[in-house]
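Down below is the structure, laid out as structure tokens.
2 protein chains.
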Amino acid sequence: MPLIPIVPLPSHSLPSQIFVFPSVPVCLQIFIPFSFSLSHTPNTLFLIMASSNGTTSGTGSPCGACKFLRRKCAPDCIFAPYFCSEQGPARFAAIHKVFGASNVSKLLLHIPAHERCEAVVTIAYEAQARIRDPVYGCVSHIFALQQQVHISFI
Amino acid sequence: MPLIPIVPLPSHSLPSQIFVFPSVPVCLQIFIPFSFSLSHTPNTLFLIMASSNGTTSGTGSPCGACKFLRRKCAPDCIFAPYFCSEQGPARFAAIHKVFGASNVSKLLLHIPAHERCEAVVTIAYEAQARIRDPVYGCVSHIFALQQQVHISFI
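Same order as they appear, the protein sequences are chains A and B. Residue numbers for the first sequence follow this note's numbering, so the first one is 31 and each next one is one higher. Residue numbers for the second sequence follow this note's numbering, so the first one is 31 and each next one is one higher.
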């Protein structure tokens, strides 16, 4: 499973535009049966991508989210493009536990389609971090990075 | 409203123990009618504390969470200790929108009581960040800090 570092843009970029994913433009443009998530070493957050042998919505099999929710997967299922891998149900389980399917669905519906892939990646990262560390969640990563920045400026 | 920087412990600390809140130990020990949240400048995450003139559960008035949910505030309300300020309903609204009251309630019930204050602070921070930036949420802060760390090591 390759680790693809997320590459920063110049520091004058807006927060929501700070990073692009140059190695995975397809992820940002079209829907493909990839599984992905954000992970991190002590220093860097990575976008993990893996080929998938999962199924997609519309082919008869439900997506990972609908499999987890034990419901019929509609052709226009908001989750299908992002949870169609074999790991889809497990990944969605974390999101469902922390955010709730309904909240994430509403959130995604208010985001332009071409930005939803990145939103799902960051939501999945936050959910996994909160399950690992129920008190701090991904804020522990922020604290750790602040400490590094603090040390580097001493 | 004072800004209280969160002070790092030595780098060999575990992620969930990296930071303590030395100026606000009372927040971690007993329940007080404070309002609090995490905010940040480009460099540092802060714990914002403000005196409250709000009400607490058990005095007849519902806590901010129950006010928002328009329900009776039970004496053992899980939210009451953390949303009893005047800003309580607004702060809870963000958490409710992003995580859902039920999910946060379940999460808090699985955390030891003395750690719930910090959990609520980090959950509120994540919720506010996700509302500000629906695509990246607080992960944009992680990206920005990674960029600073990257630059400082060049």
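Idealized CB from N, CA, C, for every residue including glycine.
With contacts defined by Cβ atoms closer than 8 Å, Gly-167(B) and Glu-116(A) do not form a contacting pair. Within chain A, the C-beta atoms nearer than 7 Å to that of Gly-167(B) come from Thr-152 and Glu-156, in chain order. Contact check for Pro-119(B) and Gly-94(B): beta-carbon distance about 4 Å, within the 8 Å limit, so the pair qualifies. The Cβ-Cβ distance between Leu-139(A) and Val-179(B) does not fall below 8 Å. Annotation: the continuous alpha helix (DSSP H) that includes Lys-97(A) extends over 94 to 99. Counting along the chain, Pro-105(B) sits inside no alpha helix (DSSP H), nor does DSSP assign it H or E at all.
Distance from Ala-159(A) to His-171(A) at the Cβ level is roughly 7 Å; contact confirmed, criterion being Cβ atoms closer than 8 Å. Listed in chain order, the positions of the stretch 121 to 141 of chain B with a beta carbon within less than 8 Å of a beta carbon of chain A are Lys-127, Val-128, Phe-129, Gly-130, Ser-132, Asn-133, Leu-137, His-140 and Ile-141.
Distance from the CA atom of Pro-92(A) to the CA atom of Val-128(A), rounded to whole angstroms, is 22 Å. Legend: CB atoms of the stretch 171 to 182 of chain B lying less than 7 Å from CB atoms of chain A belong to residues His-171, Ile-172, Phe-173, Ala-174, Leu-175, Gln-176, Gln-177, Gln-178, Val-179, His-180 and Ser-182. Shown here for Ile-161(B): same chain residues with a beta carbon closer than 8 Å to its own, the five before and five after excluded, namely Ala-124, Lys-127 and Val-128 in chain order. Using a Cβ distance threshold of 8 Å, Val-169(B) and Glu-145(A) do not count as a contacting pair.
By the rule that beta-carbons nearer than 8 Å mark a contact, Ala-149(A) touches chain B. Under the Cβ criterion of 8 Å, Pro-164(A) is counted among the residues facing chain B.
DSSP places Glu-145(B) in the helix class (H, G or I) of the three-state scheme.
Taken through DSSP and simplified to helix, strand or coil, His-140(B) comes out as coil.
Separation of Lys-97(A) and Phe-113(A) (C-alpha to C-alpha, rounded to the nearest whole angstrom) is 10 Å. Counting other Cβ atoms within 10 Å of its Cβ, Ala-149(A) reaches 16 or more and is therefore classed as buried.
A check of alpha carbon separations from Asp-106(B) across Arg-100(B), Ala-143(B) and Asn-133(B) identifies Ala-143(B) as the nearest. Residue environment analysis places Arg-101(B) among the exposed positions, since fewer than 16 neighbouring C-beta atoms fall within 10 angstroms of its C-beta.
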